[in-house]
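Report on the following structure.
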Amino acid sequence: MILEALGGVLLLGGLLQVGLLTAANFRRLAGQNRQADISLELLKTELEMMRDLRRQKAESGLPWNGWRKFLVTRKVMECDDICSFHLSPHDKKTLPGFLPGQYLTFNLDIPGQTKPVVRCYSLSDGPRPENYRVTIKRIPPRDKDKPPGLASTFFYDQVNEGDILDVKAPSGQFFLDPTGPGGVVLIGSGIGLTPVLAMLNTLIGQGSRRQVWFFHGIRNRSEHIMKEHLEAIAREHANVHLQVCASKPDPDYELGRDYHHEGRISVELFKTVLPSSNFDFYLCGPGPMMQDVTEGLKAWGVPDKNIHYETFGPSSVKKVAAVVSPEAKVATGYAIQFKKSGKTLQWCGDHTSILDLADANGISIASGCRAGSCGTCQVAVFSGEVDYIEKSDFETNPGTRLTCIGAPKSDLVLDA
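Residue numbers (our numbering): 1 to 416.
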């Protein structure tokens, strides 16, 4: 009996160590075992039950940790330089849902690169149990000194149906609550359409009756993705009001048929089209557009809490002010030493993050999401303190901090 009880205690301890028992349950069962009131058969039964629960959890579509392998099931050419990729889990288990506006993080093995390249792309459709979709624009070379987008070119030229990609679970702080009240204005310029398209598709998929004004900014036909899809939604749903703005429409593009306004998206346009400013505004696009629109909305009297934007990628992070903590706003004059680069810079409050400051001064720090979610930009901190200016989704390693959402709280010495 003593040996049996001892065996039970040891088994319980093993279960606790591998995470199949909570500490409270361990104490309860161990106490019972000491009194010789528990049998090994009961322990085996409970172990089997907990294994079943773990299996059910793994198959229930909950977010996963780390990288998960996905199969590219479809590659769809949307228009010039823009492709959609449909991704299904290689393990064929159910996918977790996500909040529309969030993104996926990819770990890419790109030929010619010495280490994997991490990039993040917004989900461009509403949640589905069998697959995700991202829509990616191949970034062309801006001039002879700036090569084409590394990851976007890899996706466009080399990722094909049947390929396997490593993907992290959906994340990001830019999203719409599809169950929320009130009308929304969704604004997507260029490829910035993708997260707000996911919002629209989710609302339609759930049968929402909220008033939706959908503004899509394009230059011409080459950027007019999902044209038929958006027109069908607007035609079939009286609560959806589609507004396409073309800044350089093609000669055969007809005003009123192919687009609704000539020019760029602006708050002045909103004032002439919207019934009021009493909406939640969600916007994603080039940095200058987001800066103009956010500033214009505030001048129009729209509260900050009703203005939501994607600060994803260097073009927007550099142009649109982050939601900086009060301490970070006034904390200027700190010296930041980038040890590997041999540079020491002053923090003057002109940049939205340490990563932004590094970019502006030719210091290379790897980055992905630029929103505190993927962890690519974390660097070791030799001395000093870093304050986060936005909420982080990523738990850093001890002694490191994220630079994409970091601002100094003191003089810093960084391993960069």
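Ideal Cβ positions, reconstructed from N, Cα and C, are used throughout, including at glycine.
If you drop the 5 nearest sequence neighbours on each side, which residues of the same chain put their C-beta closer than 7 Å to that of Val-413? Sequence index remark: in the sequence shown, residue 413 carries index 413 (1-based). Within the same chain, Val-413 has close Cβ partners Gln-337, Lys-339, Phe-382, Ser-383, Gly-384.
Q | Contacting residues, own chain, Cβ-Cβ under 7 Å from Gly-126 (five flanking each side not counted) | A | For the purposes of this step, residue 126 is taken as residue 126 along the sequence shown, with counting starting at 1. So the list reads Pro-100, Ala-198, Asn-201, Thr-202, Gly-205, once near-sequence residues are dropped.
inquiry  = So, for Pro-178: in the same chain, excluding its five sequence neighbours on each side, which residues have a beta-carbon less than 6 Å away from its beta-carbon?
reply    = Sequence index remark: in the sequence shown, residue 178 carries index 178 (1-based). Residues of the same chain with a CB within less than 6 Å of the CB of Pro-178, apart from the 5 flanking positions on each side, are Thr-202, Leu-203, Gln-206 in chain order.
For Met-289, name the three-state secondary structure that DSSP assigns. Reading the sequence shown from its first residue, position 289 is the one you call residue 289. It is helical.
Original post:
Rounded to a whole number of angstroms, what is the C-alpha to C-alpha distance between Pro-140 and Phe-154?
Top reply: To locate residue 140, count along the sequence shown from 1; it is residue 140. To locate residue 154, count along the sequence shown from 1; it is residue 154. If I take the Cα positions, the gap works out to 12 Å.
Anticipated Cβ contact below 8 Å, Leu-87 with Val-72, distance rounded
Within the sequence shown, residue 87 is the residue found at index 87, counting from 1. Within the sequence shown, residue 72 is the residue found at index 72, counting from 1. Leu-87 to Val-72, Cβ: 6 Å. Contact.
Going by the DSSP bridge assignment, what does Gln-408 pair with across the sheet?
The count along the sequence shown starts at 1 and reaches residue 408 at position 408. The residue asked about is misnamed: residue 408 is Pro in this sequence, not Gln. In the DSSP output, where bridge partners are listed per residue, Pro-408 has Val-386.
Measuring straight from C-alpha to C-alpha, what distance separates Ala-380 and Thr-396?
For this step, residue 380 is matched to residue 380 along the sequence shown. For this step, residue 396 is matched to residue 396 along the sequence shown. If I take the Cα positions, the gap works out to 10 Å.
Am I right that Ser-367 and Cys-404 are in contact with their C-beta atoms under 8 Å? What's the rounded C-beta distance?
What you label residue 367 is simply residue 367 of the sequence shown in a count that begins at 1. What you label residue 404 is simply residue 404 of the sequence shown in a count that begins at 1. Indeed they touch by this definition, with Cβ atoms about 6 Å apart.
Straight-line Cα distance separating Gly-97 from Val-302: Here residue 302 is taken as the residue at index 302 of the sequence shown, counted from 1. Here residue 97 is taken as the residue at index 97 of the sequence shown, counted from 1. Cα to Cα, Val-302 sits roughly 31 Å from Gly-97.
* Taking the alpha-carbon positions, what's the Lys-69 to Gly-333 distance? -> Numbered from 1 along the sequence shown, position 69 holds the residue referred to as residue 69. Numbered from 1 along the sequence shown, position 333 holds the residue referred to as residue 333. Those two C-alpha atoms are separated by around 45 Å.
DSSP beta-bridge partners for Thr-135?
By 1-based counting over the sequence shown, the position of residue 135 is 135. Looking at the DSSP output, Thr-135 sits in a beta bridge with Ser-84.
Closest to Ser-122 by C-alpha separation, out of Gly-149, Gly-112, Gly-172, Asn-131, would be which residue?
The count along the sequence shown starts at 1 and reaches residue 122 at position 122. When only C-alpha atoms are compared, the closest one is Gly-172.
Hey, could you find the ends of the alpha helix (DSSP H) Phe-155 is sitting in? The residue labelled residue 155 in the question sits at position 155 within the sequence shown. Where Phe-155 is concerned, the enclosing alpha helix (DSSP H) starts and stops at 150-158.
* **Reduced DSSP secondary structure (H/G/I, E/B, other) of Gly-217** => By one-based count along the sequence shown, residue 217 stands at place 217. Strand.
Can you say whether Val-76 is buried or exposed, counting buried as having 16 or more other CB atoms within 10 angstroms of its CB?
As a working mapping, residue 76 is identified with position 76 in the sequence shown. Looking at its Cβ environment, which holds fewer than 16 other Cβ atoms inside 10 Å, Val-76 is exposed.
message = So, does the segment 268-284 touch the segment 175-191, judging by three or more C-beta pairs under 8 Å?
response = As far as the Cβ criterion goes, the segment 268-284 touches the segment 175-191, which means the pair count is three or higher.
Practice item. Tell me whether Gly-406 is buried or exposed, calling it buried when 16 or more other Cβ atoms sit within 10 Å of its Cβ. Key: To locate residue 406, count along the sequence shown from 1; it is residue 406. Around the beta carbon of Gly-406, a 10 Å sphere encloses 16 or more other beta carbons of the protein chains shown; the residue is thus reported as buried.
* To do: Counting only the same chain and skipping the five closest in sequence on each side, list residues whose C-beta sits under 7 Å from that of Ser-247.
  => Translated into the one-based positions of the sequence shown, residue 247 becomes position 247. Taken in chain order, the residues that qualify are Arg-219, Gly-263, Arg-264.
**Prompt:** Between the beta-carbon of Val-196 and the beta-carbon of Phe-85, is there less than 9 Å?
**Reply:** The sequence position of residue 196 within the sequence shown is 196, counting from 1. The sequence position of residue 85 within the sequence shown is 85, counting from 1. No; because the gap between Cβ atoms is not below 9 Å, this pair is not in contact.
**Prompt:** Run through DSSP, which three-state label would Val-381 get?
**Reply:** As a first step, residue 381 must be located in the sequence shown, where it is residue number 381. Note: Val-381 maps to strand in three-state DSSP.
* Asked: Where does Phe-371 land, buried or exposed, given buried means 16+ other C-beta within 10 angstroms?
  -> Position 371 of the sequence shown, counting from 1, holds the residue named residue 371. In the sequence as presented, Phe is not what sits at residue 371; that position holds Ala. Residue burial annotation: Ala-371 is buried, with at least 16 other C-beta atoms found within 10 angstroms of its C-beta.
**Asked** Quick one: Cα of Asp-359 to Cα of Trp-64, how far?
**Response** Sequence index remark: in the sequence shown, residue 359 carries index 359 (1-based). Sequence index remark: in the sequence shown, residue 64 carries index 64 (1-based). Approximately 32 Å between the Cα atoms of the pair.
| message | Could you check whether Gly-66 and Lys-437 sit closer than 9 Å to each other, using their CB atoms as the reference points? | response | This structure gives no information on residue 437, because the portion of the chain shown stretches from 1 to 416.
In this structure, does DSSP put Glu-310 in helix, strand or coil?
-> Numbered from its first residue, the sequence shown carries residue 310 at position 310. In the three-state reduction of the DSSP assignment, Glu-310 falls in the coil class.
Q. On the three-state DSSP scale, how would you describe Met-77?
A. Here residue 77 refers to the residue found at position 77 of the sequence shown. Strand at Met-77.
In the DSSP assignment, find the alpha helix (DSSP H) that holds Phe-174 and state where it starts and stops. Walking along the sequence shown from the start, residue 174 turns up at place 174. Element bounds for Phe-174: n/a, residue is neither H nor E.
Q | Span separating the alpha-carbon of Pro-288 from that of Ile-191 | A | Counting from 1 along the sequence shown, the entry for residue 288 is found at position 288. Counting from 1 along the sequence shown, the entry for residue 191 is found at position 191. Using only the alpha carbons, I get a separation of about 14 Å.
To the nearest angstrom, report how far apart Gln-113 and Arg-138 are at their CA atoms. As a working mapping, residue 113 is identified with position 113 in the sequence shown. As a working mapping, residue 138 is identified with position 138 in the sequence shown. About 18 Å.
Asp-166 in three-state terms, based on DSSP: Your numbering for residue 166 matches position 166 in the sequence shown. The DSSP-derived three-state label of Asp-166 is strand.
- With distances taken between CB atoms, is the gap from His-261 to Leu-274 smaller than 9 Å? Here the question's residue 261 lines up with position 261 in the sequence shown. Here the question's residue 274 lines up with position 274 in the sequence shown. Cβ atoms of His-261 and Leu-274: not closer than 9 Å.
- [ ] For Asp-356, count neighbouring C-beta atoms within 10 Å of its own C-beta (all shown protein chains included) and say buried if the count is 16 or more, exposed if not.
- [x] Mapped onto the sequence shown, residue 356 falls at position 356. Burial call: buried.
What would DSSP say about Pro-111, mapped onto helix, strand or coil?
Residue mapping note: residue 111 aligns to position 111 of the sequence shown, counting from 1. Looking at Pro-111 - three-state DSSP - the assignment turns out to be coil, as it is neither helix nor strand.
Item checked: Three-state secondary structure (DSSP) of Ala-246 -> What you label residue 246 is simply residue 246 of the sequence shown in a count that begins at 1. Strand at Ala-246.
- Task: Could you spell out where the beta strand (DSSP E) holding Gly-183 opens and where it closes?
- Result: Here the question's residue 183 lines up with position 183 in the sequence shown. It is not in any beta strand (DSSP E) - Gly-183 carries neither H nor E in the DSSP assignment.
(Q) Rounded to whole angstroms, what is the Cα-Cα separation between Leu-402 and Cys-120? (A) Locating residue 402 in the sequence shown gives position 402, counting from the first residue. Locating residue 120 in the sequence shown gives position 120, counting from the first residue. One alpha carbon belongs to Leu-402, the other to Cys-120, and they sit about 16 Å apart.
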